[in-house]
Each structure stands twice: as C-alpha cells, then as structure tokens.
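**Student:** Take this structure, written in structure tokens, and hold onto it; I'll ask about it next.
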C-alpha cells in the first residue's frame, strides 16, 4: 500500500510550518507494511497544485 502525505512550506511571518515538519520527519522513515511518499508544497495558488501534479 502507498500513501502520499503532504505539508506546506512556511508562509506569512512564520519561519516554520508544523505540517512541513511532519512531512520531513516521515520522509526519513521506512515502514515494512507500506510506502510513504511525501511532498512539501508551496503556499501559492497555482504552484501548489502544479508541484503536486509533478510529484
């Protein structure tokens, strides 16, 4: 089984985004039962969806 977990880059005045931190932590893990694909998406109306489609 394969899962895609996405998060977003920091935006506004924030220097971190908790969703990005979760994605980066999961990207380092390996699981015996399934594959986890991860993507950090830009917070932009057009670039976010396009980045996901190109993943």
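Residue numbers (my numbering): 24 to 78. Quick reminder that beta carbons are idealized off the backbone N, C-alpha and C, glycines included.
1. Measure the C-alpha to C-alpha separation of residue 73 and residue 27 and round it to an integer number of angstroms.
2. Quick check: the Cα distance between residue 39 and residue 45, rounded to an integer number of angstroms?
3. For the alpha helix (DSSP H) containing residue 50, name the first residue and the last one.
4. Alpha carbons only, please: which of 71, 69 and 56 is nearest the one belonging to residue 24?
5. Determine the direct distance from the alpha carbon of residue 71 to that of residue 78, and round the result to whole angstroms.
**Tutor:** According to the structure shown:
1. 15 Å
2. 11 Å
3. 41 to 50
4. 56
5. Their Cα atoms are separated by approximately 11 Å.
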